[in-house]
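A short worksheet on the structure shown next.
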Amino acid sequence: MIGAGPGGLAAALQLTHAGAEVTVLEARDQVGGRCATMRADGFSFDTGPTFYLYPRILREIFQSIGRDIDQEIPMKRLDPQYTISFGEGGKLDCTPDLEEMDRQIGKLSPEDVGAVHRYINHNRVKLERFRPILESPFNSMLDLLRPSLLAAAPFVKPWKSLGHDLGSYFKDPRLVIAFSFQAKYLGMSPFRCPSLFSILSFLEYEYGVFHPYGGCGRVSERMAEIAEEMGCDIRISEPVRKLEFSGKKVTGVVTDQKTYETDAIVINADFAHSMQSLVPANLRSRWSDKNIAKKQYSCSTFMMYLGVEGTYPEQQHHTIHISRDYIGNLREIEKEKVLPTDPSIYIQNPCITDPSLAPSGKSAIYVLVPVPHLSPNTPWDSKQKAFYREVTLKRMEELGYTDIRKRIVYEKVVTPADWRDDFFVYRGATFNLAHNLGQMLHLRPHNKFEELDGVYLVGGGTHPGSGLPVIYESSRITCKQLLPDLGLPSKFIHDMKPMATSTPELIGS
Ligand SMILES: Cc1cc2nc3c(=O)[nH]c(=O)nc-3n(C[C@H](O)[C@H](O)[C@H](O)COP(=O)(O)OP(=O)(O)OC[C@H]3O[C@@H](n4cnc5c(N)ncnc54)[C@H](O)[C@@H]3O)c2cc1C
1 MIGAGPGGLA AALQLTHAGA EVTVLEARDQ VGGRCATMRA DGFSFDTGPT FYLYPRILRE
61 IFQSIGRDID QEIPMKRLDP QYTISFGEGG KLDCTPDLEE MDRQIGKLSP EDVGAVHRYI
121 NHNRVKLERF RPILESPFNS MLDLLRPSLL AAAPFVKPWK SLGHDLGSYF KDPRLVIAFS
181 FQAKYLGMSP FRCPSLFSIL SFLEYEYGVF HPYGGCGRVS ERMAEIAEEM GCDIRISEPV
241 RKLEFSGKKV TGVVTDQKTY ETDAIVINAD FAHSMQSLVP ANLRSRWSDK NIAKKQYSCS
301 TFMMYLGVEG TYPEQQHHTI HISRDYIGNL REIEKEKVLP TDPSIYIQNP CITDPSLAPS
361 GKSAIYVLVP VPHLSPNTPW DSKQKAFYRE VTLKRMEELG YTDIRKRIVY EKVVTPADWR
421 DDFFVYRGAT FNLAHNLGQM LHLRPHNKFE ELDGVYLVGG GTHPGSGLPV IYESSRITCK
481 QLLPDLGLPS KFIHDMKPMA TSTPELIGS
């Protein structure tokens, strides 16, 4: 396994359970990849994911290896899930209580009362139709003719973006944004993201937004601990430098320490980066360097991780502030590739739920600003970095984080250049290859990698895509193909189970 991100760890658990001898080689000095925990001066910050959605998939993976996720990783369902404030005015405390949502919607836009119920009911059917697609491999165009895909076809609406689809439920543009900004999980503008992804906000309202105690990074750490208890060999600070091949068949993995002989490898490292750095160009045609460069990539993120004096009890756990000119903001990020002048911003204040993340009387604050992936306009030299730090702190002050500058006792900034250099992410595109219809299903790099023998992919760069639930799902899809190839049983990996519509408020203790 190359990489100990969430996809790699989920695959390592299932492969080890099935009896495979698994070695995980991780370049960084900790597990978790983009979903790790940064610790400094008594503060703990999630590096990347903070919204833990749809725990069902990881629950089933744990069940399949004989573990109980509720015991291993206690989580709290958040209510409100998050607050959205709009630059144009108004805010929503988004709650799974739909009557209360309707009441708040009525205050913003009386003509939209009732629309949320219509949206939820339609998307319940839509998710049920799409589940077989999200849970099966797509290895060729013929897979598009599967009955499950044909049954889902009426919901695909390739001519409609997510934003336009939401416009058929909600008249007020702020409500369209409130139910489509989740395209951020894919690093895309809702107005370019396929309408299929209206299921993302549905997942939040129907199944909850969770906070795992200790943060999302703790989930990765616990997965690694369990994998090691089961006999998996996880080696951190051991970057893979090269792969060896006999023809198209992988035979060895080279690190600074040694060369490992192997029957198969699973690549969890960022797809575009690892192809170019590990697989010789003469072995790739569909995914040649030139073709990789031509693909579309997600946005990136400018991050601030702040340890601050005192607490902000009046601020919610998750707050999303939408730019005054949201469409202009998306254009700056995706088309013009310039730094947003009036950025949208997401702030996490998790200590109000989980005080263990900071020393007593202090807070760990996480700030994410969507920005373009690396381009000539964004060199992220020290001048640009300092400028954007100012823009971000000013916006935090406007949003009620009073005296934030004076209160900072620890600070770390991560720019798109850092995502590239420290996390090995191609163009710093934090959410991988974009999720347009031309780069999904069989057109995304296949879980059983189509250009080589014995090479499999897992994580946000393969099918179904980026975002923790589907990344965990990618591990099941990959393992179901790899285990039979190794002559090992894959039956324990669950096939689809019927959907349950309720989730307990509190999982674990
Ligand atoms: C800022 C941010 C916020 C996000 N927020 C959310 C959210 O709220 N909810 C959500 O569901 N998703 C979110 N995501 C998306 C996604 O869930 C994460 O990015 C996730 O961590 C991706 O997992 P992965 O399995 O693809 O692997 P990664 O996390 O990318 O891990 C890959 C691993 O491979 C290692 N590696 C790379 N090259 C080598 C090499 N040569 N040798 C050895 N190891 C190597 C890397 O060091 C890394 O540890 C967010 C992502 C980011 C960046």
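For the sequence shown, counting from 1, position 309 maps to 309 in this note's numbering; every step adds exactly one.
We put the beta carbon where it would ideally sit given N, CA and C, even for glycine.
Query	Result
Residue environment, residue 327, which counts as buried when at least 16 other CB atoms sit within 10 Å	exposed
Endpoints, the beta strand (DSSP E) within which residue 242 is located	240-246
Residue 291 versus residue 333 - alpha carbon distance	22 angstroms
Spatial neighbours of residue 469 in its chain, beta-carbon cut-off 7 angstroms, leaving aside the 5 residues before and after	53, 54 and 57
Spatially closest choice to residue 481 from 381, 255, 172 and 137, by CA coordinates	137
Candidates 419, 362, 420 and 427: closest to residue 404 by CA position	362
Same chain only: Cβ atoms within 7 angstroms of residue 184, ignoring 5 sequence neighbours per side	370
Any non-hydrogen atom of ligand 1 closer than 7 angstroms to residue 270 Cβ	yes
Extent of the continuous alpha helix (DSSP H) run through residue 201	199-207
Boundaries (first-last residue) of the alpha helix (DSSP H) holding residue 479	468-485
CB of residue 108 within 8 angstroms of CB of residue 215, strictly	no
Coarse secondary structure for residue 510, derived from DSSP in three states	Residue 510 lies beyond the stretch modelled for the chain, which goes from 1 to 509, so this question has no answer here.
Cβ-heavy atom distance, residue 390 to ligand 1, below 7 angstroms	no
Pair within 8 angstroms by beta-carbon distance, residue 253 and residue 25	yes
Residue 411 - partner residues in DSSP beta bridges	306
Any non-hydrogen atom of ligand 1 within 7 angstroms of residue 56 CB	no
Residue environment, residue 208, which counts as buried when at least 16 other CB atoms sit within 10 Å	buried
Residue 319 and residue 399 closer than 8 angstroms at C-beta	yes
Cβ of residue 185 within 8 angstroms of any chain D Cβ	As a matter of chain content, chain D is missing from the structure shown, which is built from one protein chain.
Residues bridged to residue 348 [DSSP beta-bridge criterion]	318 and 366
Pairwise C-alpha distance: residue 218 and residue 70	13 angstroms
Residue span of the beta strand (DSSP E) that contains residue 93, given as start and end	91-94
Coil, strand or helix - residue 82 by DSSP	strand
Integer-rounded CB distance, given that residue 85 should sit under 8 angstroms from residue 321	5 angstroms
The region 305-319 / the region 276-283 touching (three or more Cβ pairs under 8 angstroms)	no
Cβ pair residue 27, residue 424 closer than 8 angstroms	yes
Assumed close pair residue 186, residue 467 - CB separation to whole angstroms, cut-off 8 angstroms	7 angstroms
Nearest-angstrom Cα separation, counted from residue 491 out to residue 176	42 angstroms
Inter-residue spacing [alpha-carbon to alpha-carbon] between residue 4 and residue 44	19 angstroms
Selection from 128, 372 and 267 that minimises the alpha carbon distance to residue 33	267
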